[in-house]
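Trainee: What follows is a single structure, and I will ask about it in a moment.
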Amino acid sequence: MSTMVIVGAGVAGATAARTLRSAGFDGRVVLIGDEPEHPYRRPPLSKDVLLGRTAPERTRLWPPEHWAGHRIELRTGTRAVRLDTGRRLVGLADGSELAYDRLLLATGGRARRLPAAEGLEGVHTLRTLADAARLRAALVPGTRVLVVGGGLIGAEVAATARTLGCPVTVLEPEPYPLARVLPPPVARLFASLHRRQGVDLRTGIALERLKRTDHGAFVATGTDGRRWTADVVVVAIGMRPCTALADAAGLTTGDGIVVNEHAGTSAPGVFAAGDVASRPNPLLGGRYRAEHWQAAQEQGAAAAHAMLGRPARPPRVPWCWSDQYGVNLQICGWPEAGDDIRFDGDPDGMDFTAAFHRGGLMTGAVSVNRPKEMRALRERVERPLL
Ligand SMILES: Cc1cc2nc3c(=O)[nH]c(=O)nc-3n(C[C@H](O)[C@H](O)[C@H](O)COP(=O)(O)OP(=O)(O)OC[C@H]3O[C@@H](n4cnc5c(N)ncnc54)[C@H](O)[C@@H]3O)c2cc1C
1080 MSTMVIVGAG VAGATAARTL RSAGFDGRVV LIGDEPEHPY RRPPLSKDVL
1130 LGRTAPERTR LWPPEHWAGH RIELRTGTRA VRLDTGRRLV GLADGSELAY
1180 DRLLLATGGR ARRLPAAEGL EGVHTLRTLA DAARLRAALV PGTRVLVVGG
1230 GLIGAEVAAT ARTLGCPVTV LEPEPYPLAR VLPPPVARLF ASLHRRQGVD
1280 LRTGIALERL KRTDHGAFVA TGTDGRRWTA DVVVVAIGMR PCTALADAAG
1330 LTTGDGIVVN EHAGTSAPGV FAAGDVASRP NPLLGGRYRA EHWQAAQEQG
1380 AAAAHAMLGR PARPPRVPWC WSDQYGVNLQ ICGWPEAGDD IRFDGDPDGM
1430 DFTAAFHRGG LMTGAVSVNR PKEMRALRER VERPLL
């Protein structure tokens, strides 16, 4: 009986385990995750869980009995610490070893930390359910919140904290929030939205120093020398892919674990999927690492087929969504600053789509409060790949 081992029980790993079974694999499937919870959805953590509208247990991917029902050996609270690709063994933190025939690394990422905030108690990051519970408890109405970083998670935390009645300051080193995912003409509209909602959004400013006073408040100093006082600090400066196992085993890594279009890594029998995987970009060349829910899900499913040696539809172009103050944002493809942009609708009224083009190719698209239009836009980005 052959054994499939999956390290990382996020959506990529969990989907792979389930896909192995739905594809008819009858051998052993072991899903190892170092978090104590059963696999859960992260997107609500910065939205409805933080708002208190969704109970943490409602984020579970599947009911607890699902795993045994599908003969998936789910080992939560278990950390893989070693990988021997020659002997095909995964070493666990308790000293035991697991032999595999095929291995999937779906280790995702951890929240990046900020050197200026290192060692300071009470500074939050947001990646896990435990992080969300701690931050939720801290977001009491009236609490002054400083968000360091105006990317998707920083912007969502800012929106949630404002909705909960907290004064919010956001420090973002780029000229606009969401600069990594949205070209400036669209990012600018989200900057205005946050300011209209009362966020003190400071762009072009990074955090230089952070101190805690004797009374427990934080004093933050920006690179422009200005100071802000806050009760709660949230560091939202992105994530770092968990490549430690792969690095130590000598797999090719860069920004993530390098895989081919079939999720195969540089080691035979070892695959990678989800936020940790650096994949070939089928449209623009080069590589990309998606940090999106659906991409992780699709990659997990495709990797399971690859582990079985079966052809699989390659994952689609990345797509993600965000909700800020009830405004639905969806992004697909790889839009960048400098792309030609064609708006359709009312950008100032936050009711529009935007299509991005570069060198004759449609590189990506955005829909704002027009979720139904995203499907056709994504298909247009994918057309040259069909
Ligand atoms: C707060 C938040 C909000 C988000 N909102 C959205 C959204 O609105 N839309 C969207 O598209 N995407 C969103 N995302 C991104 C999306 O959730 C991720 O892209 C997706 O969860 C990635 O799944 P994954 O399985 O690749 O990795 P992960 O979810 O990171 O799972 C990897 C798991 O592997 C574990 N692990 C790592 N190393 C080991 C080891 N050595 N041994 C055992 N276990 C290990 C990790 O602890 C983790 O549990 C959000 C993410 C966050 C954090």
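Residue 1080 is where the sequence shown starts when you use the numbering used here, and the numbers rise one by one after that. All C-beta atoms, glycine included, are put in the ideal place defined by N, C-alpha and C. Computed from a predicted structure; not experimentally measured.
Indicate the three-state DSSP secondary structure (helix, strand or coil) for S1446 in the structure shown.
Mentor: strand
Trainee: For ligand 2, I want to know if P1122 counts as a neighbour, meaning its beta carbon is within less than 7 Å of at least one of the ligand's heavy atoms.
Mentor: As for ligand 2, it is missing from this structure, which binds only ligand 1.
Trainee: For T1331, count the other beta carbons within 10 Å of its own beta carbon; 16 or more makes it buried, fewer makes it exposed. Which is it?
Mentor: exposed
Trainee: Hey, V1338 and A1356: beta-carbon distance below 8 Å or not?
Mentor: yes
Trainee: Measuring CB to CB, does V1169 end up less than 8 Å from V1084?
Mentor: yes
Trainee: Could you give the distance in angstroms between the alpha-carbon of L1205 and the alpha-carbon of E1144?
Mentor: 28 Å
Trainee: Using a Cβ-Cβ cutoff of less than 8 Å, which residues in the same chain neighbour D1210 once the five nearest sequence positions on both sides are dropped?
Mentor: L1124, A1190, H1203, T1204
Trainee: When you compare only the Cα positions, how much space is there between R1281 and Y1404?
Mentor: Rounded to the nearest angstrom, the two C-alpha atoms are 19 Å apart.
Trainee: Please work out which residues of its chain come closer than 7 Å, Cβ to Cβ, to T1432, disregarding the five sequence neighbours upstream and downstream, and give them in chain order.
Mentor: D1423, G1424, A1444, V1445, S1446, R1449, E1452, L1456, listed in sequence order.
Trainee: To the nearest angstrom, report how far apart G1198 and G1365 are at their CA atoms.
Mentor: 38 Å
Trainee: Check whether the segment 1267-1287 and the segment 1296-1305 are in contact - that is, three or more C-beta pairs closer than 8 Å.
Mentor: The segment 1267-1287, when compared against the segment 1296-1305, does touch it at the 8 Å Cβ threshold.
Trainee: Below 8 Å on the Cβ atoms is my contact criterion, and I expect A1185 with A1258 to pass it. Report the Cβ-Cβ distance as a whole number of Å.
Mentor: At roughly 28 Å, the Cβ-Cβ gap does not stay under 8 Å, so A1185 and A1258 are not in contact.
Trainee: So, does the segment 1308-1315 touch the segment 1127-1135, judging by three or more C-beta pairs under 8 Å?
Mentor: no
Trainee: Following the continuous alpha helix (DSSP H) through V1265, name the residue where it begins and the one where it ends.
Mentor: 1263-1275
Trainee: Excluding the five sequence neighbours on either side, which residues of its own chain have a C-beta within less than 6 Å of the C-beta of P1361, listed in chain order?
Mentor: L1464
Trainee: How big is the Cα-Cα spacing for A1309 and V1260?
Mentor: 27 Å
Trainee: Run the CB neighbour count on A1096, radius 10 Å, all protein chains shown included, and call it buried at 16 or more, exposed below.
Mentor: buried
Trainee: For the segment 1085-1154, which segments carrying the alpha helix (DSSP H) assignment without a break, of at least 4 residues, lie completely within its bounds, in sequence order?
Mentor: 1090-1101, 1127-1130, 1144-1148
Trainee: Leaving aside the five residues before and after D1334 along the sequence, list all residues of the same chain whose C-beta is less than 6 Å from its C-beta, in chain order.
Mentor: S1357, R1368
Trainee: Nearest to R1215 by CA position, among L1231, G1244, G1230, is which residue?
Mentor: G1244
Trainee: CB-CB under 7 Å to P1220, same chain, minus the five flanking residues each way: which ones, in chain order?
Mentor: L1243, G1244, C1245
Trainee: What are the start and end residues of each continuous beta strand (DSSP E) run of 3 or more residues lying completely inside the segment 1156-1226, in chain order?
Mentor: 1159-1163, 1168-1171, 1176-1178, 1181-1184, 1188-1190
Trainee: What does the alpha-carbon distance come out to for the pair H1341 and W1141?
Mentor: C-alpha separation (whole angstroms): 26 Å.
Trainee: Between the C-alpha atoms of P1390 and L1153, what's the straight-line distance to the nearest angstrom?
Mentor: 26 Å
Trainee: P1463 by DSSP, collapsed to three states: which one?
Mentor: helix
Trainee: So what's E1251 in DSSP terms, helix, strand or just coil?
Mentor: E1251: strand per DSSP, three-state reduction.
Trainee: Between which residues of its own chain and A1416 is the CB-CB distance below 6 Å, once the five residues before and five after are set aside?
Mentor: P1262, P1263
Trainee: First and last residue of the beta strand (DSSP E) that includes W1307?
Mentor: 1306-1309
Trainee: Run the CB neighbour count on A1380, radius 10 Å, all protein chains shown included, and call it buried at 16 or more, exposed below.
Mentor: buried
Trainee: Pull up the CB-CB distance for G1040 and E1200, whole angstroms please, since I reckon it's below 8 Å.
Mentor: A question about residue 1040 goes unanswered here, because the residues of the chain that appear run from 1080 up to 1465.
Trainee: Can you tell which of A1102, S1101, L1110, P1122 has the C-alpha that lies nearest to the C-alpha of Q1373?
Mentor: P1122
Trainee: Any idea if H1117 is buried or exposed, counting beta-carbon neighbours within 10 angstroms, 16 or more meaning buried?
Mentor: With 16 or more other Cβ atoms within 10 Å, it is buried.
Trainee: Counting only the same chain and skipping the five closest in sequence on each side, list residues whose C-beta sits under 6 Å from that of T1094.
Mentor: Q1376, G1379, A1380
Trainee: Less than 8 Å separating the beta-carbons of L1268 and P1426?
Mentor: yes
Trainee: With I1316 as the anchor, note down where its alpha helix (DSSP H) starts and where it stops.
Mentor: Element bounds for I1316: n/a, residue is neither H nor E.
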